[in-house]
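Just remember that this note's numbering sits 105 ahead of the position in the sequence shown, which is counted from 1.
Positions of the beta carbon are idealized from the N, C-alpha and C atoms, including for glycine.
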Amino acid sequence: MDYIDSHCHITMDRFDEDRDEILTDYFEKGGLALMSVATCREDHELNLKLMLKWDKLVSSLGWHPHDAKDFGKHEEAFLLNAIQKHQIRAVGEIGLDYHYNFSQRAEQLRAFDRQMAIADKAGLPVVIHTREADRDTMDMLKRHRKVQGILHCYTAGRELMEAGLELDYFVSFSGIITFQKTAVEIRKLLKVVPLDRLLFETDSPYLAPVPFRGKRNDPRKVVHVIEKAAELKTLSPKTLSNQANRNFFQLFPERED
Ligand SMILES: [Zn+2]
Numbered sequence: 106m107d108y109i110d111s112h113c114h115i116t117m118d119r120f121d122e123d124r125d126e127i128l129t130d131y132f133e134k135g136g137l138a139l140m141s142v143a144t145c146r147e148d149h150e151l152n153l154k155l156m157l158k159w160d161k162l163v164s165s166l167g168w169h170p171h172d173a174k175d176f177g178k179h180e181e182a183f184l185l186n187a188i189q190k191h192q193i194r195a196v197g198e199i200g201l202d203y204h205y206n207f208s209q210r211a212e213q214l215r216a217f218d219r220q221m222a223i224a225d226k227a228g229l230p231v232v233i234h235t236r237e238a239d240r241d242t243m244d245m246l247k248r249h250r251k252v253q254g255i256l257h258c259y260t261a262g263r264e265l266m267e268a269g270l271e272l273d274y275f276v277s278f279s280g281i282i283t284f285q286k287t288a289v290e291i292r293k294l295l296k297v298v299p300l301d302r303l304l305f306e307t308d309s310p311y312l313a314p315v316p317f318r319g320k321r322n323d324p325r326k327v328v329h330v331i332e333k334a335a336e337l338k339t340l341s342p343k344t345l346s347n348q349a350n351r352n353f354f355q356l357f358p359e360r361e362d
């Protein structure tokens, strides 16, 4: 089965020991592309190196809501430079996290708004992180309605999801859909997302799907997310995965060169 992990953090130091091994295996076994999400300069520098070796690796860069307080002039210049040099294909992950509030809400809103504007100007998709902030996220997406992208690791409510779909966003589901108790509502949402709007991800090293729950996650395990989703959609994993792959390439067309 061919597959794509549309969101992972393979640059994190938890992969320092075996990153190359994992990526080699991932692409050999059927990975058509991989979205590696950088949330700081160091992640991005590593992504540049990884892209030299794996041309199917697609990179994104953005200041996460947790780090919104650090998104200043220099970070903005760094992001703009990466865009100008065509080093990234998306801005993210960006958004709002009112569960942890590691940055104050005002700072989160400022960094989110600014990065949405940057993505809009650059014509790049965004990768949205949202937690317990449905209303403000919805307002922000509507304020920048020309921008498209991915609602990543979806766990928010139905209203936000529908607003996102209305604005042509894709909805990405993670290993959370395999968690028995916590994911009842999320599985219901997955069932109603149109097939041409669905993506799958690991968000590794976090959120390992059952039967690996609690262990370090890695991009190869996206297969388990797809298998669970296929069961919910009553399709074969291969059919569903092929559809998700087409969706990914609609957002991030393969390059000719
Ligand atoms: Zn992430």
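Asked, Found
"Val-297 to Glu-267 span [Cα, whole Å]", "10 Å"
"Residues near Asp-110 by beta carbon distance below 6 Å, same chain, minus five either side", "Leu-139, Glu-306, Thr-307, Pro-324 and Val-327"
"Simplified DSSP assignment, three categories, for Thr-235", "strand"
"Cβ of Ile-282 within 8 Å of any chain B Cβ", "This model lacks chain B altogether; it includes just one protein chain."
"Under 8 Å between C-beta atoms of Asp-175 and Leu-214", "no"
"Stretch pair the region 146-163 + the region 176-193: three plus CB contacts closer than 8 Å", "yes"
"Under 7 Å, CB to nearest heavy atom of ligand 1: contacting residues", "His-112, His-114, Val-142, Glu-198, His-234, His-257, Cys-258 and Asp-308"
"Expected contact under 8 Å - CB spacing of Ala-261 and Asp-239 to nearest Å", "5 Å"
"Option nearest Pro-310 by Cα separation, candidates His-204, Glu-332, Ala-335 and Ser-279", "Ser-279"
"Identity of the residue in Val-231, Leu-303, Phe-353 and Ser-164 nearest Lys-190 by Cα", "Ser-164"
"Bridge partners - Leu-162, DSSP secondary structure assignment", "Leu-139"
"Outcome for Asp-244 when other beta-carbon atoms lying within 10 angstroms are tallied against a minimum of 16", "exposed"
"Cβ pair Pro-170, Phe-120 closer than 8 Å", "no"
"Counterpart residues of Val-145 in DSSP-defined beta bridges", "Sequence inspection shows Cys at residue 145; the Val mentioned does not correspond to that position. For Cys-145, which the question treats as bridged, DSSP gives no partner whatsoever."
"Counted within 10 angstroms of its Cβ, other Cβ atoms place Ser-341 as buried (16 or more) or exposed", "exposed"
"Through-space distance from His-234 to Ala-224, alpha-carbon basis", "15 Å"
"Integer Cβ distance of Ala-195 from Val-232, believed to fall under 8 Å", "5 Å"
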